[in-house]
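Q:
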DNA sequence: TGATGAATTCAACAGATGTTGAAAATTATC
DNA sequence: GATAATTTTCAACATCTGTTGAATTCATCA
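Residue numbers (the numbering used here), protein chains in the order written: chain B, 269 to 488; chain V, 269 to 488.
1) Pull up the distance between the alpha-carbon of residue 360 of chain V and that of residue 410 of chain V, whole angstroms please.
2) What whole-angstrom Cβ distance do residue 391 of chain B and residue 439 of chain B have, given they're in contact under 8 Å?
3) Pop quiz: residue 465 of chain V and residue 366 of chain V are said to be a contact at Cβ under 8 Å. What is the actual Cβ separation, rounded to whole angstroms?
4) Among residues of its own chain, excluding the 5 on either side of residue 396 of chain B, which ones have a beta-carbon nearer than 7 Å to its beta-carbon?
5) According to DSSP, is residue 281 of chain V helix, strand or coil?
6) Less than 8 Å between the CB atoms is what I'm expecting for residue 211 of chain B and residue 467 of chain V, so what's the real figure, rounded?
7) If we count Cβ pairs, one from each stretch, closer than 8 Å, do we get three or more for the stretch 410-419 of chain V versus the stretch 303-319 of chain V?
8) According to DSSP, is residue 311 of chain B part of a helix, a strand, or is it coil?
9) According to the Cβ coordinates, are residue 325 of chain B and residue 371 of chain B closer than 7 Å?
10) Enumerate in chain order the residues of its own chain whose CB-to-CB distance from residue 431 of chain V is below 7 Å, with the five nearest sequence positions on each side excluded.
11) Below 8 Å, can you find three or more Cβ-Cβ pairs linking the stretch 284-295 of chain B to the stretch 369-386 of chain B?
12) Hey, quick one: how far does the alpha helix (DSSP H) through residue 342 of chain V stretch, first residue to last?
13) Report buried or exposed for residue 473 of chain V, applying the criterion of at least 16 other Cβ atoms within 10 angstroms of its Cβ.
14) Cβ of residue 256 of chain B within 7 Å of Cβ of residue 363 of chain B?
15) Helix, strand or coil for residue 457 of chain B? Go by DSSP, reduced to three states.
16) Is residue 316 of chain V buried or exposed, if buried means 16 or more other CB atoms sit within 10 Å of its CB?
17) Could you name the residues of the stretch 441-452 of chain V whose beta carbon sits closer than 8 Å to any beta carbon of chain B, in the order they occur along the chain?
18) Residue 486 of chain B: buried (16+ other C-beta within 10 angstroms of its C-beta) or exposed?
19) Among V/354, V/350, V/387 and V/369, which residue has its Cα nearest to the Cα of residue 287 of chain V?
20) Can you tell me where the alpha helix (DSSP H) with residue 399 of chain V in it begins and where it stops?
21) Using the C-alpha atoms, what's the distance from residue 416 of chain V back to residue 369 of chain V?
22) Excluding the 5 residues flanking residue 441 of chain B on each side, which residues of the same chain have their C-beta closer than 6 Å to its C-beta?
23) Could you check if residue 377 of chain B is buried or exposed, using at least 16 other CB atoms within 10 Å of its CB as the buried criterion?
24) Just how far apart, CA to CA, sit residue 458 of chain V and residue 443 of chain V?
25) Contact criterion: CB-CB distance below 7 Å. Does residue 432 of chain V meet it with respect to chain B?
26) Since residue 470 of chain B meets chain V, which of its residues come closer than 7 Å, beta carbon to beta carbon?
27) Among the candidates V/385, V/437 and V/339, whose CA atom is the shortest distance from the CA of residue 298 of chain V?
28) Given a threshold of 16 other Cβ atoms within 10 Å of its Cβ, counted over all protein chains shown, does residue 356 of chain V qualify as buried or as exposed?
29) Less than 7 Å between CB atoms is the rule here; does residue 382 of chain V satisfy it with respect to chain B?
30) Report the neighbours of residue 424 of chain B on chain V: residues whose CB is nearer than 9 Å to its CB, in chain order.
31) Let me make sure I understand the geometry here. Which of B/418, B/451 and B/398 has the alpha-carbon closest to that of residue 329 of chain B?
32) Check the Cβ of residue 465 of chain B against every Cβ in chain V and list those closer than 8 Å, keeping chain order.
33) I need the straight-line Cα distance from residue 345 of chain B to residue 339 of chain B, nearest angstrom please.
Here you go:
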């Protein structure tokens with residue numbers, strides 16, 4: 269007796285439509301009717317499956333968070349395993365960023381929408397704090413621990429601040445605002461994610477080194 | 269005959285209230301009635317002074333943009349003047365960031381609200397591009413030119429990408445999400461802007477160096 | 001087939017939204 | 001101090017908002 273239960277088909281269409289629209293316009297910029305229209309579904313179905321609007325938003329936000337967390341945790345564990353428990357700074361930062369790049373590069377447009385949504389939430393002062401904290405901070409704390417262990421003499425405050433700058437650089441890349449395309453007059457393409465992450469990692473690693481390893485120097 | 273015209277008092281109250289509420293909740297998260305209530309003004313007055321809602325938003329956004337641009341340009345010119353036309357990387361980055369810190373630290377809460385609003389716009393994919401481009405990119409381009417001149421052998425693409433990471437780190441700091449406070453369990457305070465900028469500058473400078481000056485090295 | 005429960009649609013609600021035109025109040029001009 | 005212009009309020013509009021309960025369709029299984 270296979271207890272295979274096919275997922276309610278329309279509820280997934282709702283989640284996908286909501287994901288894209290919330291990513292583009294934020295929570296208040298999207299109406300339930302617009303989501304319903306995009307999903308080719310009646311409005312009442314949204315309440316039936318997900319309850320009130322905020323619950324729908326949370327359902328969208330949580331759907332891929334666990335997958336992302338697991339991928340990042342695995343990357344961190346692999347970095348530790350492959351280095352005898354002493355991963356380098358590059359390895360830690362790469363384990364944090366490369367899984368995101370991986371999901372952005374899968375053909376699935378849903379992942380790009382979702383990550384843009386994460387960027388929106390992370391930049392949103394009112395909405396953001398609680399959702400980001402509950403969904404991602406447990407994992408982030410594990411990376412912070414790895415960073416502290418890698419740089420045991422670093423002032424912990426500097427580790428947190430450096431992480432904040434890393435988080436900001438990443439967030440703007442996820443947001444897909446297209447600004448670098450215009451600023452550079454087409455020379456750089458925000459959609460060129462290989463370049464983005466290939467450069468983001470050494471940029472961030474150099475910043476960590478400067479703040480956390482050369483903290484007692486007073487260089488020019 | 270002094271042609272002194274005192275600014276319409278209530279229109280400024282509207283701008284201030286709108287500034288704060290838009291910064292907190294974004295464009296769609298704020299209703300005209302809420303702004304009117306906060307400004308202790310009738311709703312119709314918003315349309316009388318600023319036209320439709322989007323025009324009010326633009327008026328809020330543009331009000332302080334020129335002041336900010338002028339301060340940053342002056343800082344860049346001073347850095348050039350004080351260095352015989354060859355400002356260092358630190359000087360360029362500082363000229364870009366320190367004026368913002370300055371405005372955040374004036375007692376005026378309005379500036380903090382405004383800069384949080386800039387962060388919101390910069391992270392907003394639909395809204396952001398046009399407004400940021402028109403308001404800030406002309407000035408940003410001058411900084412990019414200074415950076416290219418400082419590092420003439422650097423691949424221009426890398427300069428733009430490094431700027432993108434700088435912009436992201438700055439944006440998250442402006443957004444005032446309070447996330448670093450919770451992540452660090454109170455060890456770091458996002459409101460501690462001196463520390464934020466004292467660390468952001470060397471972090472970013474180290475990243476620029478790595479990407480634009482050591483671009484041909486293949487170090488671990 | 002017919003009964004049961006889940007999924008989906010229909011129709012509608014009470015309230016909120018952006019916007020507007022006319023009236024009232026305030027300020028400036030002569 | 002009367003007149004004109006500007007500013008502010010009042011009252012209301014059509015439309016849209018999130019949400020709900022009843023009706024309908026669909027799938028499951030005895």
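Even for Gly, the Cβ is constructed at its ideal location relative to N, Cα and C.
The structure displayed is predicted, hence computed values, not measured ones.
A: This is what the structure gives:
1) Residue 360 of chain V and residue 410 of chain V: Cα-Cα distance of roughly 10 Å.
2) Cβ atoms of residue 391 of chain B and residue 439 of chain B come within 8 Å of each other, at about 6 Å.
3) Confirmed, about 7 Å.
4) Annotation for residue 396 of chain B: 389 and 390 place their beta carbon closer than 7 Å to its own, counting only its chain and skipping 5 residues before and after.
5) It is helical.
6) Residue 211 of chain B lies beyond the stretch modelled for chain B, which goes from 269 to 488, so this question has no answer here.
7) Taking 8 Å as the limit for Cβ pairs, the verdict is that the stretch 303-319 of chain V does not touch the stretch 410-419 of chain V.
8) Three-state result, residue 311 of chain B: helix.
9) No, the Cβ-Cβ distance between residue 325 of chain B and residue 371 of chain B is not below 7 Å.
10) For residue 431 of chain V, where only same-chain residues beyond five positions count, the Cβ hits under 7 Å are 412.
11) Three or more beta-carbon pairs separated by less than 8 Å link the stretch 284-295 of chain B to the stretch 369-386 of chain B, which places the two stretches in contact.
12) From DSSP, the alpha helix (DSSP H) with residue 342 of chain V extends over 321-349.
13) The residue in question, residue 473 of chain V, is buried, as its Cβ has 16 or more Cβ neighbours within 10 Å.
14) What is shown of chain B runs 269 to 488, which leaves residue 256 of chain B out entirely.
15) In the three-state DSSP reduction, residue 457 of chain B falls in the coil class, being neither helix nor strand.
16) Result: exposed.
17) Against chain B - using a Cβ distance shorter than 8 Å - the residues of the stretch 441-452 of chain V are 441, 443, 444, 445, 446, 447, 448, 450, 451 and 452.
18) Residue confidence for residue 486 of chain B is low, a pLDDT of 49 falling below 50, so the modelled location carries little weight; the figure read from the coordinates is stated next. With a 10 Å radius around the Cβ and a threshold of 16 neighbouring Cβ atoms, residue 486 of chain B comes out exposed.
19) If we check each option's Cα against that of residue 287 of chain V, V/387 comes out closest.
20) Looking at the DSSP string, the run of the alpha helix (DSSP H) that includes residue 399 of chain V is 393-418.
21) Rounded to whole angstroms, residue 369 of chain V to residue 416 of chain V spans 24 Å at the Cα level.
22) Excluding residues within five positions, the ones whose Cβ falls inside 6 Å are 464.
23) That one is exposed.
24) In a straight line, the C-alpha of residue 458 of chain V is about 10 Å away from that of residue 443 of chain V.
25) Chain B contact via Cβ: present.
26) Those within 7 Å of residue 470 of chain B in chain V are 478 and 479.
27) For the residues V/385, V/437 and V/339, the minimum Cα distance to residue 298 of chain V belongs to V/385.
28) Of the residues assessed, residue 356 of chain V falls on the exposed side of the cut-off, its CB having fewer than 16 other CB atoms within 10 angstroms.
29) Residue 382 of chain V does not count as touching chain B.
30) In chain order: 452, 455 and 456.
31) Looking at the Cα atoms, B/398 is the closest of the given residues.
32) The contacting residues do not exist; residue 465 of chain B stays about 10 Å from chain V at best.
33) Distance between the alpha carbons of residue 345 of chain B and residue 339 of chain B is about 10 Å.
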